[in-house]
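These notes are about the structure you will find just below.
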Amino acid sequence: MLKHFNTVLRLLVGGLFIFSGLIKVNDPVGTSIKLEEYFEVFSVEFASFFHVFVPVALPLAVILVVLEVVLGIAIIINYKPKLTQYTILALIIFFTFLTGYSAITNTVTDCGCFGDAIKLTPWESFTKDIILLVMIAVIIFVDKRGSQDQSATMVGHGIIGATTIVSLVLSITAINHLPFIDFRAYKIGDSIPANMKPSEPFIYEYLVEKDGEEYTFNEYPNDKSYNFISMTHVNPEAAPTITDFAVWNDEGDFTEEVFQGNKLFVILYDVNKSDLEGLAEINTLTQSLAGKVEIFALTASAANTYEAFAQKNQIKVPYYYTDATVLKTITRSNPGLWLLQDGTVKGKWHYNDVPNYSEVLDLLNL
């Protein structure tokens, strides 16, 4: 009975690790951004040396996401039980610390456990990790074979080796291009203005008290004899999926203008980290599209930094400011291209996949 129970637990833990890992293999750059956020917070809250990990966040992210998938497969096929189980235990303890710290301090509001596919609150993430911690502890306790490594078969070596190679190749491909599946609210086909609005009117419930009795109303009562207790948002899922998109320059806000007509944006969220070879191809494209499509640059770099960079690299398009986090959410490429038609996303490209002149015009039916 215990053996079957342990098998079920291994399948659950392994399946969750594989699911979580594959989602992040799809977007390792997103995972690195989340790691950078943690490192920045820890460098302030604990010790400044955490800041040294920021430049290597991307390779660390690749190692982490590949490890998640490999460990998920390993525990399911019972590959080297002791090594696998204790490595998973160590990883879950690490995740539990991160999510617990986020939940208590509210400094990192999204752990990135399932990338952009499934958003969890800090407390939901922490609860999930506590449950996983209990499950792996039970697996180790029940599985007496975990007390010593078993000799792995050639089949086991082959499965783990193949899983490692495939996961690594997928991660590197996603880095050098764009995520295979885009879970963000700026993906192709999405209307940005629509995503900035609630999907339906918000509904609230008001809990009030009168003469020792509690009452619930959908609208706050006008009777002043009722005493307010609490207000509950009944349909939080109706909230806008985009809440922080804005475009501006020194003359004012230009967000609404972004949603008018055909516009191609060159995204340079940090000009100091931009790929110059890819930028040269983008410059060639923007020059060929001049007069056909309105072209702008979006950056989070300071004005003097951007202008010096633009002059040096022959970027001859107007530029606007946008929050760095928003630009990193729009695209994982720096530089990257983002094509809008009346606010609807028609195309997104990594600097390694710059489209040709006709491809852009075809997407706009020009």
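Numbering of the sequence shown is given in UniProt numbering, commencing with residue 1 and proceeding in unit increments. The C-beta atom is built at its ideal place from N, Cα and C for all residues, glycine as well.
- For L268, the enclosing beta strand (DSSP E) stretches over residues N262 to L268.
- Between I139 and V13, the gap from beta carbon to beta carbon is short of 8 angstroms.
- N283 sits in a helix when the DSSP states are folded into three classes.
- The stretch 315-326 makes no contact with the stretch 170-177, as fewer than three CB pairs between them are under 8 angstroms.
- For D253, the pairing in a beta bridge is given by DSSP as W248.
- Here P240 is near P198, since their CB atoms are less than 8 angstroms apart.
- Taking each of K128, F42 and P335 in turn and checking the Cα distance to T107, the smallest one comes out for F42.
- According to the DSSP secondary-structure assignment, Y320 is paired through a beta bridge with L298.
- Beta-bridge analysis with DSSP links W123 to no other residue.
- In this structure, F114 sits near I23, with a CB-CB distance shorter than 8 angstroms.
- In the DSSP assignment, N227 forms a beta bridge with E209.
- DSSP, reduced to helix, strand and coil, places K292 outside both helices and strands of the structure shown, so it counts as coil.
- Note that the stretch 261-271 touches the stretch 301-316; at least 3 beta-carbon pairs, one per stretch, sit closer than 8 angstroms.
- Annotation: the continuous alpha helix (DSSP H) that includes G14 extends over L2 to V25.
- Annotation: F259 to N218 spans about 35 angstroms, alpha carbon to alpha carbon.
- By the Cβ-count criterion, W338 is buried, with 16 or more other Cβ atoms from all chains shown falling within 10 Å of its own Cβ.
- Of all alpha-carbon atoms in A162, D244 and A103, the one lying nearest the alpha-carbon of M196 is that of D244.
- Distances from the CA of I295 to each of K316, E281 and L276 were compared; the closest alpha carbon is that of K316.
- Of the candidates S333, I63 and Y86, the residue whose Cα lies closest to the Cα of D143 is Y86.
- The stretch 286-294 makes contact with the stretch 352-361, as at least three CB pairs between them are under 8 angstroms.
- C-alpha of E37 to C-alpha of T127: approximately 21 angstroms in a straight line.
- For V345, the enclosing beta strand (DSSP E) begins and ends at T344 to H350.
- The alpha carbon of A300 has as its nearest neighbour, out of L276, V247 and I203, the alpha carbon of V247.
- Residues of the same chain with a CB within less than 8 angstroms of the CB of T99, apart from the 5 flanking positions on each side, are C111, C113, P122, S125, F126, K128 and D129 in chain order.
- Rounded to whole angstroms, the Cβ separation of L340 and K263 is 5 angstroms, and the two are in contact under 8 angstroms.
- In the three-state scheme derived from DSSP, where H, G and I count as helix and E and B as strand, F114 is classed as strand.
- Residue pairing by DSSP puts F217 in a beta bridge opposite Y206.
- The continuous alpha helix (DSSP H) containing Q311 extends over residues A303 to K312.
- Around the CB of V8, fewer than 16 other CB atoms lie within 10 Å, so the residue is classed as exposed.
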